[in-house]
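Asker: So the sequence lines, in the order shown, correspond to chains A and B.
Those letters in the first sequence? Residues 8 to 391, by my numbering.
Those letters in the second sequence? Residues 287 to 709, by my numbering.
Here it is, the structure, as structure tokens.
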Amino acid sequence: MSTAWLSVSRQVLRHRGGYRPLVFAIGFGFAVAVLSTALGRRLAQHAHEMAALPPAATVQATVSARGAREYPAADDLSALRALSGIRSASWVEAPLRTTWWRPELFDGPAGRFVGWVVTADATAVDTLALRIVAGRGPMAEDASAAVVPLVVSRSFLRELGPAAGPGTRLRSVERAQDAEVVGIVEDFLSHGMMKTSRSTILWPLQQRDVPLRTYLIRASDDEVDTVVDRARAALARPGRFVNVEKTSEMLLATKQPIFRARTVLLTLEAVVVGTLLLGLAAAAASRAVERRREIAVLRALGATRRDVVNTVLAESTAVTAIGLALGGVLVLALRGVFSRAIPFFTIHETMVAGQAALFLVTGWLASAVPALRAASVPPSVASR
Amino acid sequence: MRASFLRLAPVRALGRSPGLNALIVATLAFGLAVWLTTHALAASFERDPSRGTAGLWRVELVRYPQIREILAGTDMQFVSELPSLVLSPAEVEDLSRPPDPVRSAAVTTAEVPFEEPGGGPRTSWVRFAGRDALALFSVRLAAGRVFDDGKRELLVSEQGAQRWFGGSAAAVGRKLRVCGEEWAIAGVVAADAGVGRRMHLTDDAGEDALWMPFGDAVRLGVLPFQRHPAPRTTKTANGDFYFASLWVELPDAAAVERFRGWLARWSAAHPGAGAPRIRRYQEWSGVLGTPPAYRAVELFGAATLAACCLTLVRLFHTRNRLHERDIALRRAVGASRRSLLGEALVEAGVIVGVAALGGVVLAAGALDLLDLTMPGQNDSIALSGWSAVAGGAIGVAAGIVAAVLPAWRACAQPPARALRGAA
Chain A
8 MSTAWLSVSR QVLRHRGGYR PLVFAIGFGF AVAVLSTALG RRLAQHAHEM AALPPAATVQ
68 ATVSARGARE YPAADDLSAL RALSGIRSAS WVEAPLRTTW WRPELFDGPA GRFVGWVVTA
128 DATAVDTLAL RIVAGRGPMA EDASAAVVPL VVSRSFLREL GPAAGPGTRL RSVERAQDAE
188 VVGIVEDFLS HGMMKTSRST ILWPLQQRDV PLRTYLIRAS DDEVDTVVDR ARAALARPGR
248 FVNVEKTSEM LLATKQPIFR ARTVLLTLEA VVVGTLLLGL AAAAASRAVE RRREIAVLRA
308 LGATRRDVVN TVLAESTAVT AIGLALGGVL VLALRGVFSR AIPFFTIHET MVAGQAALFL
368 VTGWLASAVP ALRAASVPPS VASR
Chain B
287 MRASFLRLAP VRALGRSPGL NALIVATLAF GLAVWLTTHA LAASFERDPS RGTAGLWRVE
347 LVRYPQIREI LAGTDMQFVS ELPSLVLSPA EVEDLSRPPD PVRSAAVTTA EVPFEEPGGG
407 PRTSWVRFAG RDALALFSVR LAAGRVFDDG KRELLVSEQG AQRWFGGSAA AVGRKLRVCG
467 EEWAIAGVVA ADAGVGRRMH LTDDAGEDAL WMPFGDAVRL GVLPFQRHPA PRTTKTANGD
527 FYFASLWVEL PDAAAVERFR GWLARWSAAH PGAGAPRIRR YQEWSGVLGT PPAYRAVELF
587 GAATLAACCL TLVRLFHTRN RLHERDIALR RAVGASRRSL LGEALVEAGV IVGVAALGGV
647 VLAAGALDLL DLTMPGQNDS IALSGWSAVA GGAIGVAAGI VAAVLPAWRA CAQPPARALR
707 GAA
């Protein structure tokens, strides 16, 4: 085994035996596979973060606001709150999944910063099960106040400076409106590695005439399915668009594009592995044919079939291992570039080890048939 | 009889090393399928009938640069450009009325409730656009005319017209119920008219959308106004993140300069509204500048095909080594090098022909699968007949090229030496 290793390594280094392109291809393929695995993992994390939603809001309803007649939001909410199994229901300005598309600028005592705004009615604290740690919760009259009263998360409060608390004034730059902190709640909506994403506020909802409305519903986990059906029945009218779904399903649907992007990356990786499988199989078959006479001589001198199989597999292993070493260097070189371009991009040792194992197994699989064919060469070939 | 039997020799030779032949077929089919798939995918993303449009400019207000700075290096940096692209309805109204009259079109998309004829209530994507948008973007109508503003008229897609009314002509003049209101169908947008993915930044609407006047986007309340301090509007709006894009037609350099000058004056009169800029359609849509990311995927496909071709060279070489004794014998009994090379190429042609066919079929299957699973694409991803033929021909050519060198070397070897060293 060690002799074959040395022999192949020498041949590769001396550019002989046609191994060099294969070694480079393995190195390149290994780098692509490791980087795409790391990128796929980061995408999955990102999907998880982007779809973050307070777990208490278990059901989301989207309804048309008018059809054959007007459907006042107050009627809808009363109907929902009267249903058994529903603890709270709120009108939010837009589906929460769209929150991340709207970074907003604020001016506070400590300077300018970015926050994320959930525009919701006064009951949102109950529906989202937010714990008020200081001040008060939202009130219905907040929507018409000249200085907008805000319930902010702890992280948002930190952006306002160390002395900030209920009563601290700030300004929404884009809305050109003065606001005041009236309540503080624990962080909500986000987790993970999204910088600034915990800086979230509840902005009072002004009731408006819109084509579609979104309601969030808080229900017990064990009653979610029945609440979905009840809510659908309570909101339904002839000709009215009503869509009631579990937020877990809505989140899954939101994550789908990112998961599909990850599937594309996995497909690319499969293509790389497939290409290498074919390349290694071709190389092993070629070597087995070229060395037919050598193998016959070995067999005539007493080498067993297992020895021949081992020799071919050892060559494959040596070629793959040298390619992997080259790929490892490439990964190290590209890691910094990727880390700078993609926030929180990391390559774990397990990914590298896993891919290396995959490549080695691929090499063995590709060489298995040529190795068995080589082992079947009769010793008599040596004398022809 | 004998002649035809000999002519079939290369075909019969295919049966001699079936494993190797299968590997050759698999290698070429695989490489070709990957390349054709990535190529068709890139072509689908790139499809843009408006890319040649001259004199079309996008009006933007660059503002809130701090968002970009604060979010730099975070997961959310990808949304930081958005605020600079968002125009409020009132800004659209202002900026589309320069002193020199120009053709302009505001565009936005939104999802609204819709009662499908013969079906239940559902939501539909609507492309709200100014009347001139269809002319500016060369969007063709299959029937009828462009809607008139303020008359509750809309356009439907050709697919919708077919599905609901049995055809485009039959759809014109019929009624649809959208947002709880009755709308008359004024015209039908032709299928594959390339409605222009790049008319708007977040254009989730595909071909099968409704088209309504831009003014109704404001009236129905789908555009937000809250976040735009200058100039403000009091029109109602919902809170989803719909916003407007504005396009103007500036036919020559002088018109561009005049418009830029007017924008600068408008900006001076509206402090805090941001720095105005205009971008040519081609720059906005990515025809100019950095190659889009999908080009990397296409390059990857081409690299895979190239790698497979290199593997093919090796495989053909191995195959010829296996047949070395036959070739040498035939040379020894008088076969010319040219005839041997011809036969080798016929053999290779048969193999790569099968492989190319397999590659095209594989690619068509992969694209069908992608078409079903890829979210949010506006155009169907499919392998056109022309691409299939061209791809197959390229596959055959690549395979033949890969086969030529090993065949040439095998035929060039002296018979005596080949017979001695045959595998």
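The C-beta atom is built at its ideal place from N, Cα and C for all residues, glycine as well.
Is the segment 235-252 of chain A touching the segment 331-348 of chain A, taking contact as three or more C-beta pairs under 8 Å?
Answerer: no
Asker: Cα separation between A/Glu252 and A/Arg205?
Answerer: Roughly 26 Å separates the two Cα atoms.
Asker: Kindly confirm or deny that the segment 605-625 of chain B and the segment 322-330 of chain B touch, where touching means at least three C-beta pairs closer than 8 Å.
Answerer: no
Asker: What does B/Arg408 reach in chain A if we use C-beta pairs closer than 9 Å?
Answerer: Phe248 and Asn250
Asker: Between B/Phe316 and chain A, is any beta-carbon pair separated by less than 7 Å?
Answerer: yes
Asker: Is the CB of A/Ala127 under 7 Å away from at least one CB in chain B?
Answerer: no
Asker: Looking at C-beta atoms only, is the number of pairs between the segment 353-370 of chain A and the segment 64-78 of chain A that lie closer than 8 Å three or more?
Answerer: No, the segment 353-370 of chain A does not touch the segment 64-78 of chain A.
Asker: Does the Cβ-Cβ distance between A/Val192 and A/Ser160 come in under 7 Å?
Answerer: yes
Asker: Identify which residue in A/Arg27, A/Leu164, A/Ala101 and A/Ala170 has its Cα closest to the Cα of A/Phe113.
Answerer: Closest in alpha carbon position to A/Phe113, among A/Arg27, A/Leu164, A/Ala101 and A/Ala170, is A/Leu164.
Asker: Where DSSP assigns a beta bridge to A/Arg220, which residues make up the other side?
Answerer: A/Val70
Asker: Taking the alpha-carbon positions, what's the A/Leu285 to B/Leu598 distance?
Answerer: 9 Å
Asker: Nearest by alpha-carbon distance to A/Asp229: which of A/Gly92, A/Leu379 and A/Phe35 is it?
Answerer: A/Gly92
Asker: For the segment 153-186 of chain A, which residues have a beta carbon sitting closer than 9 Å to at least one beta carbon of chain B?
Answerer: If the cut-off is 9 Å between Cβ atoms, the segment 153-186 of chain A has Ser179, Val180, Glu181, Arg182, Ala183 and Gln184 near chain B.
Asker: Please check the pair B/Gly404 and B/Trp469, which I expect to be a contact at CB under 8 Å, by giving their CB distance rounded to whole angstroms.
Answerer: Rounded to whole angstroms, the Cβ separation of B/Gly404 and B/Trp469 is 17 Å, and the two are not in contact under 8 Å.
Asker: Whose C-alpha, out of B/Asp434, B/Thr323 and B/Leu655, is nearest the C-alpha of B/Tyr580?
Answerer: B/Thr323
Asker: Would you say A/Pro350 reaches chain B, if we count a Cβ-Cβ gap shorter than 7 Å as a contact?
Answerer: yes
Asker: Secondary structure at A/Arg119, three-state DSSP: helix, strand or coil?
Answerer: Under the three-state reduction of DSSP output, A/Arg119 falls in the strand class.
Asker: 7 Å is my cut-off, CB to CB: does B/Pro399 come that close to chain A?
Answerer: yes
Asker: With the cut-off set at 7 Å, would you say A/Met358 and A/Ala45 are in Cβ contact?
Answerer: yes
Asker: Could you round the C-beta distance between B/Ala679 and B/Val646 to whole angstroms and report it? I think they count as a contact, below 8 Å.
Answerer: Not really, about 10 Å apart at Cβ, beyond 8 Å.
Asker: Rounded to a whole number of angstroms, what is the C-alpha to C-alpha distance between B/Leu347 and B/Leu585?
Answerer: 35 Å
Asker: Strictly by DSSP, which residues pair up with A/Ile191?
Answerer: A/Ala141 and A/Val159
Asker: In the DSSP output, which residue or residues are listed as bridge partners for B/Lys437?
Answerer: In the DSSP output, where bridge partners are listed per residue, B/Lys437 has none listed.
Asker: Considering only the alpha carbon of each residue, which of A/Val338, A/Val368, A/Val344 and A/Arg347 lies closest to A/His355?
Answerer: Checked all of A/Val338, A/Val368, A/Val344 and A/Arg347; the closest Cα to A/His355 is A/Val338.
Asker: For B/Val320, would you say it is in contact with chain A, using Cβ-to-Cβ distances shorter than 7 Å as the test?
Answerer: yes
Asker: Can you name the start and end residues of the beta strand (DSSP E) that A/Ser179 belongs to?
Answerer: Arg176 to Ser179
Asker: For A/Ser97, count neighbouring C-beta atoms within 10 Å of its own C-beta (all shown protein chains included) and say buried if the count is 16 or more, exposed if not.
Answerer: buried
Asker: Hey, how far is the Cα of B/Gly252 from the Cα of B/Arg426?
Answerer: Beyond the ends of chain B as shown, which are 287 and 709, falls residue 252 of chain B; an answer cannot be given.
Asker: Am I right that A/Val319 and A/Ala290 are in contact with their C-beta atoms under 8 Å? What's the rounded C-beta distance?
Answerer: Actually they do not touch by this definition, with Cβ atoms about 10 Å apart.
Asker: Output, in sequence order along the chain, the residues in the segment 272-304 of chain A whose CB is closer than 7 Å to any CB in chain B.
Answerer: Leu275, Val278, Gly281, Thr282, Leu285, Gly286, Ala288, Ala289, Ala290, Ala292, Ser293, Val296, Glu297 and Arg299
Asker: Would you tell me roughly how many angstroms separate the C-alpha atoms of B/Ala559 and B/Val345, rounded to the nearest one?
Answerer: 13 Å
Asker: DSSP has A/Gln184 in a bridge; who is on the other side?
Answerer: A/Ser179
Asker: For B/Gly466, does the three-state DSSP call read helix, strand or coil?
Answerer: coil
Asker: Is there a C-beta anywhere in chain B that falls below 7 Å from the one on A/Leu112?
Answerer: Interface residue (Cβ-Cβ distance to chain B less than 7 Å): A/Leu112 is classified as such.
Asker: Can you list, in chain order, the stretches of the beta strand (DSSP E) that have 3 or more residues and sit fully within the segment 296-358 of chain B?
Answerer: 342-348
Asker: Compute the Euclidean distance between the alpha carbons of B/Thr339 and A/Ala117, then round it to the nearest angstrom.
Answerer: 48 Å
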